[in-house]
Amino acid sequence: MKRNIAAAVGLALAASLTLASCSGGTTETPDGPVTLSLSGWSIDTTPEFQVLADGFEAKYPDVTVELKEYDAGEYNTLLTADLAAGSGPDIITQKEVKYVPTLQEGGQLLDVSDVELPDGIGGASSYIVDGVSYAVPYRQDSWVLYYNMDLFDQAGVDYPDGSWTWDDYADAAAEVTDGLAGAAKGAYLHRWQSTTQGFANAQAPNADILSGDFGHFAGYYENVLALQDAGSQVDFNTSSANQLSYQGEFGTQKAAMLPMGTWYVATLIAQQESGDADDFAWGIAPAPQFSSSTTGTDKTPVTFGDPTGFGINANIDEGKIQAAKDFLAYAASEEAAQALAAIGITPALTNDAVVETYFAVAGAPTDELSKFTYAEHDTKPENPTSNQAAIVQGILGDMHSAIMSESEAIDSAIENAEKRAENEADLN
Amino acid sequence: MAITAAPDAPVAPPRKRPQRARARRRNTLIAWSFILPNFIGFGSLTLVPIIVLFYMSFTNWNVFGKADWVGLANFERLLGDGSFQIAFGNTLYYSALHIPLTILVSLTLALLLNNKLRGVAFFRTAAFFPYITSIVAIAVVWNLMFSPDYGPINEILRFVGFAEPPGWLTSADWAMPAVVIVSTWRDMGYYMILFLAGLQTVPRELHEAARVDGAGVIQRFFNVTLPCLRPTMFFVTVILTINSFKIFDLILVMTEGGPGQSTLVLSQFIYRKGFEESQFGYASAASVALFFLCITVTVAQFLWNKRRSA
């Protein structure tokens, strides 16, 4: 490991020294044809990059967008190495918000505050540092509750109606589990820390992980542990040991409910079509709420999710800047949102027309609650835009595995994490 | 007419020196041509990065931009960092379990498979198999085996009378022993081969002489086999110690350091600080600490071995 890090550091340094002198020599005239490179991952299975590139090229015939593919799992590491070596893409796709501060502090992102964004676009605030925008969102998934209508019918339990708090969710999970008599569980909660902490951070009053106070997680973990102890959902340890996937658990009807991000809508439709998932009726409902003050279809449910966005490489050739900003403006526009919705992606901009396009996809649910869920939500950022976010998330990840495996009591694990945050992070 | 050379004429001595010099130069060039391809790779991919690593450990470099010199600040921070202390302790704990257990298991296997039994080649291959199996496959299968409620290991333990078998990878107390079991299982074949090679160097006459003198199997093992295996044992111990200190892959795919921080080791601490938190200066300082831990223990082992050989 020592050698790996040494090699990476050394190579990055050597490459940055040698390549720094090479870059910047080629400038294209603003009037002539421009080629923009755009970073992406798993391009074969992530069609959004090509859709946006094609749509933009159709609108701006003088500009060509070339996709630069990175490994999805190592995207941030590989992109960082390329940027350090001076060979990064012109347009940098921001896969995870928690890496934005590193790029911004490292002087890798251009100020894009002058790119005009349409009204109602979500997630833009995640890219603002000290009042300056460093990226533009084009996609914003948010967490919702998937439910299997067939299993609810079998169990004789009413569908979610948008009025649920987490207590209602736990009651329904228990009722469905009982009603199905061992054929399936009431719910499945995936192993990620987001599944519990994301909701706690978004919904609990005054929750702020950068304050170093993690007390707001306690209630959420109590609920989750009660659910797994009651047998209403597969427990964390079994899920880990068997490496269960949420697609397998919900898609093959082993669980009647699943809190998950909206990206799963497109996957579920595709898997039902291909036969990887069973054929059953399903819908999405608003995520259960902290209290009844935000429940009901006359209120706006609170959930969480981070946007995906585009930033511009600070070392881009002068002549390409305008074209790159045009691309960002296009990606955030309603036109692009329609194109994204048509392939099952949740754009950062949602309005009635986008919702109609999204639900016109064959296999998508057609009920009103699903449409309401998709269109109406107050989506809080999962990660604060701070250079301390990655450190705190690492500490909270350890806390999550300690609590969920039940190897440490909730209060003790929270206290331990708070001490670590004080010791290891530079908090407010 | 015979031509005779003058008796005092020199026998071409002036030509000899340049020839020798040329030969030496040629030999030097040939030597360099053998060494250089390897050395260029070693220098650019290992030596230079290690030197840079030492420099980085005194800076606050975060990948981009200039690395500011911070002196010993990273090392001071390491001393007060609770996670580093846990990682350090866990690394020692892992090594303290893994090194003796692997030596014991691999030496036992080597002794068993050093006999001329039927199917010995098959068993040797079978013992070596885990070492060449994909680490991810190993992790997935062992995770299933260690499953506290449905795994075959706990099923067997319950069957033989343990009412509450360990939680293994889900328990803060048992996760590290579980990882040690898997890593010993994975490594035993490799070290068994080394011990088997060592056993071939044990003189048969010594065993025969001991047998004639009435020494039993155990006495012969401790008084003949083990002393003759000392060079192999030393080599195995040194390599095993270094490999244990830098354990990373198995932990990452099996537990990711959890539950909590119960299996967090130094290499993973370095990985987290560097690649997940972009604190490459601090991660480099932790790498230097790991480097000195390896060097110190290895030098101590060499000195101990030298004193015993003297």
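Those sequence lines, one after another, are chains A and B. Position one of the first sequence corresponds to residue 1 (this note's numbering), numbered consecutively onward. Position one of the second sequence corresponds to residue 429 (this note's numbering), numbered consecutively onward. For every residue, glycine included, the Cβ atom is placed at its ideal position computed from N, Cα and C.
#1: Can you name, in chain order, every residue of its own chain whose Cβ lies under 8 Å from the Cβ of N403/B, other than the five neighbours on each side?
#2: Going along chain A in order, which residues have a C-beta closer than 8 Å to the C-beta of R700/B?
#3: Tell whether a beta-carbon distance below 8 Å holds between S133/A and V112/A.
#4: Should D398/A be flagged as near chain B, meaning a C-beta pair shorter than 8 Å?
#5: What three-state label does DSSP hand I345/A in the structure shown?
#6: Are the Cβ atoms of G88/A and L79/A separated by less than 8 Å?
#7: Tell me, to the nearest whole angstrom, how far the beta carbon of K696/B is from that of G685/B; I am working on the premise that it is less than 8 Å.
#8: Between which two residues does the beta strand (DSSP E) harbouring P137/A extend?
#9: When the Cα of T267/A is compared with those of V361/A, F214/A, Q289/A, T300/A, which residue comes out closest?
#10: Taking buried to mean at least 16 other C-beta atoms within 10 Å of its own C-beta, is E116/A buried or exposed?
#11: Identify the contact partners of R420/A in chain B, using a Cβ-Cβ distance below 7 Å as the criterion.
#12: In the DSSP assignment, what are the bridge partners of E66/A?
#13: Using alpha carbons as the reference points, say which of A285/A, E415/A, V157/A, F214/A lies closest to Q197/A.
#14: Given a cut-off of 8 Å, decide if G123/A and A417/A are closer than it, judged by their beta-carbon atoms.
#15: If you count every other CB in all the chains shown that lies within 10 Å of the CB of R552/B, and 16 or more means buried, which is it?
#16: Assign G25/A to one of two classes, buried (16 or more other C-beta atoms within 10 Å of its C-beta) or exposed (fewer than that).
#17: Whether or not the segment 403-419 of chain A and the segment 158-168 of chain A are in contact is what I'm after, with contact meaning three or more pairs of Cβ atoms, one per stretch, closer than 8 Å; do they touch?
#18: DSSP on P259/A, reduced to helix/strand/coil?
#19: What residues in the segment 680-692 of chain B have a beta carbon less than 9 Å from any beta carbon of chain A?
#20: Would you be able to state if there are at least three C-beta pairs under 8 Å between the segment 672-684 of chain B and the segment 566-575 of chain B?
#21: So which residues on chain A does S599/B lean against when the C-beta distance must stay under 8 Å?
#22: Tell me the DSSP secondary structure of D615/B in three-state form.
#23: Against chain B, does S401/A count as a neighbour if the rule is that its beta carbon must be under 8 Å from one of theirs?
#24: Go to P580/B, then tell me how far its alpha helix (DSSP H) extends in each direction, as first and last residue.
#25: Would you mind giving the Cβ-Cβ distance between Q439/A and A184/A, rounded to the nearest angstrom? I have them listed as a contact below 8 Å.
#26: Grab the span of the beta strand (DSSP E) containing N148/A for me, first residue to last.
#27: Taking the alpha-carbon positions, what's the L585/B to I91/A distance?
#28: Give the interface partners of N542/B over in chain A, defined as CB-CB distance under 7 Å, in chain order.
#29: Whole angstroms is fine: what's the gap from E335/A's alpha carbon to L189/A's?
#30: Kindly confirm or deny that the segment 295-310 of chain A and the segment 376-388 of chain A touch, where touching means at least three C-beta pairs closer than 8 Å.
#31: So, under 8 Å CB-CB, P365/A and G283/A are touching, yes? Tell me the CB distance rounded to an integer number of Å.
#32: Measure the C-alpha to C-alpha separation of I345/A and Y246/A and round it to an integer number of angstroms.
#33: Between the Cα of Y60/A and the Cα atoms of T45/A, V34/A, Q50/A, which residue gives the shortest distance?
#34: Note down, in chain order, every chain B residue with its Cβ under 8 Å from the Cβ of A390/A.
#35: Do you know offhand how far Y127/A's Cα is from Q388/A's?
#36: Based on Cα-Cα distance, which residue from D496/B, A515/B, I581/B, R453/B lies nearest to A591/B?
A quick look at the data gives this:
#1: For chain B, the structure presents residues 429 to 738; residue 403/B sits outside this window and is missing.
#2: G394
#3: yes
#4: yes
#5: coil
#6: yes
#7: The amino acid occupying residue 696/B in the given sequence is Gln; Lys does not appear at that position. Q696/B to G685/B, Cβ: 5 Å. Contact.
#8: Start and end: 136-140.
#9: Comparing Cα positions, the closest option is V361/A.
#10: exposed
#11: The contacting residues are G510, S511.
#12: S37/A
#13: F214/A
#14: no
#15: buried
#16: With a pLDDT of 35 at G25/A, under the threshold of 50, the modelled position of that residue is not reliable, and no figure is offered here.
#17: The segment 158-168 of chain A makes no contact with the segment 403-419 of chain A: fewer than 3 CB pairs, one atom from each, lie closer than 8 Å.
#18: strand
#19: Result list: T683, E684, G685, G686, P687, G688, Q689, S690, L692.
#20: The segment 566-575 of chain B vs the segment 672-684 of chain B: in contact.
#21: S405, S407
#22: Helix.
#23: yes
#24: For P580/B, the enclosing alpha helix (DSSP H) stretches over residues 580-587.
#25: Absent from the structure is residue 439/A, since the part of chain A shown begins at 1 and ends at 428.
#26: 143-148
#27: 57 Å
#28: Per Cβ cutoff of 7 Å: no residues; N542/B is ~34 Å from chain A at best.
#29: 35 Å
#30: yes
#31: 4 Å
#32: I345/A and Y246/A have their C-alpha atoms some 19 Å from each other.
#33: V34/A
#34: E704, E705, S706
#35: Going by C-alpha positions, Y127/A is about 15 Å away from Q388/A.
#36: I581/B
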